[in-house]
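Presented below is the structure to which this report refers.
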Amino acid sequence: VDVENIVPGDVICLSAGNLIPVDGVVLESRDFNVSESVLTGETFPVVKSAGRSAPEAGIAQRTNAVFTGTSVRSGTAKVLAVATGARTEFASIAEALERRIPETEFARGIRMFGFLMTEIMLAIVIMVFFANVMLNRPLIESLLFSLALAVGLTPELLPAIISVTLAKGARTMAASGVIVRRLDAIENLGSM
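Every number in my numbering is 2 more than the matching position in the sequence shown, counting from 1.
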């Protein structure tokens, strides 16, 4: 049976080496071990068997369920398909990863500061250009001087300086046992 033709309610027979195409409930099993490393990061196979799990149990605690994208390491099982495609746990994790992380106050402030610096730089460049033209300097030289000034005033190293500073903060926090996943979160901790 082609994977696209499987719908919730179908019973699927799985054996060692199969990639599980649906989220499902184990109806019967024999020495059934599944690698869930794709979902949980757990390197060891998980024993799956028929039975009941608490509805609020996490993925790792559902010993009677199999999930899309995981693979059968050993044994055989009959599984009742309960979710396919976009309704699976794998799809919900992928969707959560695609969601854009909201911009922090720190990132918003840095972005606004960059816009302000750009506006000031443009104003200065335009004033210098017109001042040179008013002083009867050659037009090409005035334009080139203004462009050189614009390049010189652009805060090119600002992102690098911010990243290095935040990385130093993350390193200091790591020494205290704190794991930092996003560098801009450090500023949010500092403003609490």
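Using N, Cα and C, we set each Cβ at its ideal position, and we do this for glycine too.
Once the 5 residues before and after G71 are set aside, which same chain residues still bring their CB inside 6 Å of it? On the sequence shown, residue 71 is found 69 positions in, with the first residue counted as 1. Around G71: V40 and F92.
Could you give the DSSP three-state label for K50: helix, strand or coil? On the sequence shown, residue 50 is found 48 positions in, with the first residue counted as 1. K50: coil per DSSP, three-state reduction.
Rounded Cβ spacing between V74 and N20 (contact assumed at less than 8 Å): The residue you call residue 74 lines up with position 72 of the sequence shown. The residue you call residue 20 lines up with position 18 of the sequence shown. Yes, V74 and N20 are in contact; Cβ-Cβ is about 5 Å, under 8 Å.
Let me confirm a value: L159 is counted as buried when at least 16 other C-beta atoms fall within 10 Å, else exposed. Which label applies? One-based indexing of the sequence shown puts residue 159 at position 157. When all chains shown are included, L159 counts as exposed.
Take every Cβ of the region 53 to 68, pair it with every Cβ of the region 16 to 30, and state whether three or more of those distances are shorter than 8 Å. yes
Determine the closest residue to R54 out of Q63, P47, F46 and V48, with distance taken between C-alpha atoms. The count along the sequence shown starts at 1 and reaches residue 54 at position 52. It is Q63 whose Cα lies nearest to the Cα of R54.
If you pair each beta-carbon of the region 97 to 110 with each one of the region 125 to 140, do three or more pairs fall below 8 Å? no
The region 109 to 124 contacting the region 147 to 167, beta-carbon criterion three pairs below 8 Å: yes
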